[in-house]
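Undergrad: Quick one: the structure is below, and I'll ask about it shortly.
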Amino acid sequence: MANKRLTWVDVTKGFLMILVVIGHYPGELDFPFITYIYWFHMPAFFLLSGLFFKELKEEQDTKVSIKKRFLQLMVPYFFFLLAITTVRYGMELAGGNFDLSWYIQDLWKLVIAGRFARGAYGVFWFVTTLFFTYLLFTLMTKYLNRFKQIVLLIVFYIVAHLESIFAMQYISGAPDKASQTIPILWNLDVVLMAIVYFSLGYYAKSIWMNITKTWFIGALIVAITAIVTDKLGVIDYHLSMKFLRYEHLLLDLVIPIAFIIVILGLFQRITAILSLDWLAKIEKHSITIMYLHIFTDIILNDYFQYGIIGFTTLGLIIPIIASIIIQKMIPYGRFLLGDIRAKKPIQI
Numbered sequence: 001m002a003n004k005r006l007t008w009v010d011v012t013k014g015f016l017m018i019l020v021v022i023g024h025y026p027g028e029l030d031f032p033f034i035t036y037i038y039w040f041h042m043p044a045f046f047l048l049s050g051l052f053f054k055e056l057k058e059e060q061d062t063k064v065s066i067k068k069r070f071l072q073l074m075v076p077y078f079f080f081l082l083a084i085t086t087v088r089y090g091m092e093l094a095g096g097n098f099d100l101s102w103y104i105q106d107l108w109k110l111v112i113a114g115r116f117a118r119g120a121y122g123v124f125w126f127v128t129t130l131f132f133t134y135l136l137f138t139l140m141t142k143y144l145n146r147f148k149q150i151v152l153l154i155v156f157y158i159v160a161h162l163e164s165i166f167a168m169q170y171i172s173g174a175p176d177k178a179s180q181t182i183p184i185l186w187n188l189d190v191v192l193m194a195i196v197y198f199s200l201g202y203y204a205k206s207i208w209m210n211i212t213k214t215w216f217i218g219a220l221i222v223a224i225t226a227i228v229t230d231k232l233g234v235i236d237y238h239l240s241m242k243f244l245r246y247e248h249l250l251l252d253l254v255i256p257i258a259f260i261i262v263i264l265g266l267f268q269r270i271t272a273i274l275s276l277d278w279l280a281k282i283e284k285h286s287i288t289i290m291y292l293h294i295f296t297d298i299i300l301n302d303y304f305q306y307g308i309i310g311f312t313t314l315g316l317i318i319p320i321i322a323s324i325i326i327q328k329m330i331p332y333g334r335f336l337l338g339d340i341r342a343k344k345p346i347q348i
């Protein structure tokens with residue numbers, strides 16, 4: 001049962017990673033597929049992280065767990081931040097950019113990161129948000145009873161929406177521009193929303209581990225209805241956690257959760273009859289894919305013409321090759337990719 005569970009989880013994460021790559025395609029599509037991806041794919045990652053969360057009561061256990069999570073998430077964060085920035089600055093210098101003020105301004109954006117780090121760093125917000133979501137939920141479950149946890153989560157959810165309404169409606173403008181008028185280090189304000197999805201993964205673990213036929217069909221009806229009503233103009237729903245775009249108290253739970261139930265239920269059923277090892281293998285290299293797929297396009301799009309299929313294929317294959325090279329040829333490469341069981345450069 002444990003192996004089966006891990007199989008469908010890995011396969012689902014591999015599928016979601018493909019959606020992450022597709023979601024960053026810069027071109028135009030006739031069908032708003034990318035819009036629908038954003039309805040659920042980032043909430044799904046937070047929810048799946050919460051699915052395997054374990055409450056910690058002992059002080060020593062808490063310290064050890066937070067340290068492990070920090071190494072798993074933040075070591076790759078700083079490694080890829082340094083690697084990408086080194087290559088970028090090398091390209092800028094080679095192109096004749098010797099403007100010191102440009103580098104200082106760019107470095108400042110990388111320090112604040114979150115929604116302020118754009119381009120090649122477009123996914124970095126997720127890692128800092130996930131780490132602090134884990135940290136906050138760890139403290140909540142350690143020091144608060146279940147009732148107080150839920151009350152606090154409701155407060156977080158409401159405050160997150162008030163912040164979004166302020167940015168989207170009172171400041172107005174494009175979501176990326178509006179959200180950047182609220183300068184928060186590392187997108188820590190997004191934790192207010194992320195922790196709600198994370199907690200749903202933890203609290204409803206029994207549901208997620210075995211999506212029943214009733215849950216699956218009900219969620220499928222909701223998901224299809226959402227798409228149809230959006231296409232007909234009955235609703236105009238958008239969700240962008242990175243840029244604080246969550247403006248509907250009800251739909252921001254109903255629509256993402258419905259799609260997540262459908263995705264998890266589908267892969268639980270498919271993996272019962274098919275292995276789908278190729279998706280599980282994608283998940284094994286998901287860290288590198290996440291960090292490098294946008295940068296891959298930035299480097300290659302000046303030399304090649306490709307559409308969404310080419311963008312997705314290159315955004316998967318090149319990072320997977322890079323992941324294999326890092327693990328096999330760079331000292332402590334596995335550790336740099338977040339494998340805390342691998343050999344470390346120093347005893348941490």
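Taking full-length UniProt numbering as reference, the numbering of the sequence shown is continuous, increasing by one, and the terminal residue is 348.
Here a beta-carbon is modelled for each residue, glycine too, at the ideal position from N, C-alpha and C.
Just confirm the distance between the C-beta atoms of ILE171 and THR181, as a whole number of angstroms; I'd bet it's less than 8 angstroms.
TA: Locating residue 171 in the sequence shown gives position 171, where the first residue counts as 1. Locating residue 181 in the sequence shown gives position 181, where the first residue counts as 1. At roughly 5 angstroms, the Cβ-Cβ gap stays under 8 angstroms, so ILE171 and THR181 are in contact.
Undergrad: Considering only DSSP beta bridges, list what ARG245 is partnered with.
TA: Position 245 of the sequence shown holds residue 245. Looking at the DSSP assignment, ARG245 forms a beta bridge with SER240.
Undergrad: What is the DSSP secondary structure of LEU19, counted as helix, strand or coil?
TA: In the sequence shown, the residue the question calls residue 19 occupies position 19. If DSSP states are grouped into helix, strand and coil, LEU19 belongs with the helices.
Undergrad: Can you give me the C-alpha to C-alpha distance between VAL159 and LYS343, rounded to a whole angstrom?
TA: On the sequence shown, position 159 is the one that residue 159 refers to. On the sequence shown, position 343 is the one that residue 343 refers to. Approximately 42 angstroms between the Cα atoms of the pair.
Undergrad: So what's GLU55 in DSSP terms, helix, strand or just coil?
TA: In the sequence shown, counting from the first residue as 1, residue 55 sits at position 55. Note: GLU55 maps to coil in three-state DSSP.
Undergrad: Can you tell me whether SER275 is buried or exposed, with buried defined as 16 or more other CB within 10 angstroms of its CB?
TA: Numbered from its first residue, the sequence shown carries residue 275 at position 275. So SER275 ends up on the exposed side.
Undergrad: Cα-Cα, which of PHE15, THR85, PHE295 is closest to ALA120?
TA: As a first step, residue 120 is located in the sequence shown; it is residue number 120 there, counting from the start. Minimum Cα distance to ALA120 is reached at PHE295.
Undergrad: Hey, THR271 and ALA322 are a contact pair by Cβ (cut 8 angstroms); roughly how many whole angstroms apart?
TA: Within the sequence shown, residue 271 is the residue found at index 271, counting from 1. Within the sequence shown, residue 322 is the residue found at index 322, counting from 1. So it is not a contact: roughly 28 angstroms between Cβ atoms.
Undergrad: Tell me whether ASN187 is buried or exposed, calling it buried when 16 or more other Cβ atoms sit within 10 Å of its Cβ.
TA: The residue given as residue 187 occupies position 187 in the sequence shown. ASN187 should be labelled buried.
Undergrad: Taking LEU48 as the reference, which of THR62, LEU136, ILE207, VAL87 has the closest Cα?
TA: Along the sequence shown, read from residue 1 onward, the residue named residue 48 stands at position 48. It is ILE207 whose Cα lies nearest to the Cα of LEU48.
Undergrad: Is it a yes or a no for the stretch 13-20 touching the stretch 275-285, going by three-plus beta-carbon pairs under 8 angstroms?
TA: Touching, yes, given that three or more Cβ pairs across the two stretches are closer than 8 angstroms.
Undergrad: TRP39 and ILE255: beta carbons closer than 8 angstroms?
TA: Position 39 of the sequence shown, counting from 1, holds the residue named residue 39. Position 255 of the sequence shown, counting from 1, holds the residue named residue 255. It is a contact, given that the beta carbons lie within the stated cut-off.
Undergrad: What residues in its chain sit with their C-beta under 8 angstroms from that of ASN210, if we drop five residues either side in the sequence?
TA: What you label residue 210 is simply residue 210 of the sequence shown in a count that begins at 1. So the qualifying residues of the chain are GLN268.
Undergrad: Could you check what DSSP says for ASP339 in three-state terms: helix, strand or coil?
TA: On the sequence shown, residue 339 is found 339 positions in, with the first residue counted as 1. Reduced to three states, the DSSP call for ASP339 is coil.
Undergrad: Quick one: is ALA223 buried, meaning 16 or more other Cβ sit within 10 Å of its Cβ, or exposed?
TA: The residue labelled residue 223 in the question sits at position 223 within the sequence shown. Buried is the call here.
Undergrad: Pull up the distance between the alpha-carbon of LEU337 and that of LEU244, whole angstroms please.
TA: Position 337 of the sequence shown, counted from the first residue, corresponds to residue 337. Position 244 of the sequence shown, counted from the first residue, corresponds to residue 244. Cα to Cα, LEU337 sits roughly 28 angstroms from LEU244.
Undergrad: Excluding the 5 residues flanking PHE259 on each side, which residues of the same chain have their C-beta closer than 7 angstroms to its C-beta?
TA: For this step, residue 259 is matched to residue 259 along the sequence shown. Excluding sequence neighbours, PHE259 sits near TRP39, PHE40, ALA223.
Undergrad: Can you tell me where the alpha helix (DSSP H) holding GLY201 begins and where it ends?
TA: Counting from 1 along the sequence shown, the entry for residue 201 is found at position 201. From DSSP, the alpha helix (DSSP H) with GLY201 extends over 191-203.
Undergrad: How would you write the range of the alpha helix (DSSP H) that LYS344 sits in, first residue to last?
TA: Looking up residue 344 in the sequence shown gives position 344. Element bounds for LYS344: n/a, residue is neither H nor E.
Undergrad: Span of the alpha helix (DSSP H) holding TRP186?
TA: Position 186 of the sequence shown, counting from 1, holds the residue named residue 186. Looking at the DSSP string, TRP186 is not in any alpha helix (DSSP H), and its letter there is neither H nor E.
Undergrad: Does DSSP classify SER172 as helix, strand or coil?
TA: On the sequence shown, position 172 is the one that residue 172 refers to. SER172: coil per DSSP, three-state reduction.
Undergrad: Using C-beta distances below 6 angstroms, list every residue in its chain close to ILE330, excluding the 5 sequence neighbours before and after it, in chain order.
TA: Translated into the one-based positions of the sequence shown, residue 330 becomes position 330. Hits under 6 angstroms: none found.
Undergrad: Would you decide whether ILE257 is buried or exposed? Buried here means 16 or more other CB atoms lie within 10 Å of its CB.
TA: Position 257 of the sequence shown, counting from 1, holds the residue named residue 257. By the 10 Å Cβ count, ILE257 comes out buried.
Undergrad: Of the residues VAL123, LEU100, VAL111, LEU152, which one's Cα is nearest the Cα of LEU136?
TA: Counting from one through the sequence shown, the residue named residue 136 turns up at place 136. Selected option, being the one with the closest Cα: LEU152.
Undergrad: If you draw a straight line from the C-alpha of ILE37 to the C-alpha of THR138, how long is it?
TA: Here residue 37 corresponds to residue number 37 of the sequence shown, with the count starting at 1. Here residue 138 corresponds to residue number 138 of the sequence shown, with the count starting at 1. So the two alpha carbons sit approximately 29 angstroms from each other.
Undergrad: Helix, strand or coil for ARG118? Go by DSSP, reduced to three states.
TA: The count along the sequence shown starts at 1 and reaches residue 118 at position 118. Correct three-state label for ARG118: coil.
Undergrad: Would DSSP call ALA272 helix, strand or coil?
TA: Counting from 1 along the sequence shown, the entry for residue 272 is found at position 272. The answer is coil: DSSP assigns ALA272 none of H, G, I, E or B.
Undergrad: What would DSSP say about residue 400, mapped onto helix, strand or coil?
TA: Because the chain here runs from 1 to 348, residue 400 falls outside it and cannot be looked at.
Undergrad: Tell me the rounded alpha-carbon separation between THR86 and ILE299.
TA: In the sequence shown, residue 86 corresponds to position 86, counting from 1. In the sequence shown, residue 299 corresponds to position 299, counting from 1. So the alpha carbons of these two residues sit roughly 14 angstroms apart.
Undergrad: By Cβ distance, which residues of its chain are closer than 6 angstroms to PHE80, with the 5 residues on each side in sequence left out?
TA: Sequence index remark: in the sequence shown, residue 80 carries index 80 (1-based). Only TYR291 meet the Cβ criterion.
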